[in-house]
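Numbering (full-length UniProt numbering), first residue to last: 1 to 165. The beta carbon of each residue, even a glycine, is placed where N, CA and C say it ideally should be. Source: prediction; values computed, not measured.
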Amino acid sequence: MGQILDKIQGKEWKERQIRKITDKAFDRVKNDSAGRANLTFEELYIAVLLVFNDLNKRLPGPHFDPPTKEQVKSLMQESDINLDGELDREEFAKFIRRITKDTFITVTQGLIITLAVAPTVALLTKRTTENVPGVGKVVQKIPNSLYASLVTLVIVAFQQGAERA
């Protein structure tokens, strides 16, 4: 069952989301330019900035800086399979997957840590409140699953508030 869910929403889902982002950036940059079907270096750099802007808006975690122009130029040369000095839609999608790989790893690790550690911390804090007058009895009446969920939500909200500040 877990393998089926992984196939439905795991890697394939992530690939579809990345493809939507890359297609949107590619089309946006191509609509602003005339004639050619491929991205030049200048258009590629603008598209990279658009992709990182979208990532920073949508993904939880720290702000991710886009690569420098020199890094983009170097990676463009490596990604340009047909050596025409421009990237087509497929080359661009592979290029974006390459430069955002570390970003997705960082976000995933942060979410796993938050979602795994927060419930454990919640249950430990629940036990420590047993001897607090007034509060202890109220906290002990709350089911463990509800208490862990509430504390996890508070931790996630706190993290998001800290990131915005």
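Secondary structure note for L75: its alpha helix (DSSP H) is the uninterrupted segment K69 to S79.
With 16 or more other Cβ atoms from the protein chains shown falling within 10 Å of its own Cβ, N38 counts as buried. Secondary structure note for G136: its alpha helix (DSSP H) is the uninterrupted segment V135 to K141. Proximity to T125 across A116, V151 and E15 peaks at V151, based on C-alpha coordinates.
If you draw a straight line from the Cα of K24 to the Cα of R127, it is about 50 Å long. Its chain contains I18 as the residues whose beta carbon lies nearer than 7 Å to that of R97, once the 5 sequence neighbours on both sides are disregarded; these appear in chain order.
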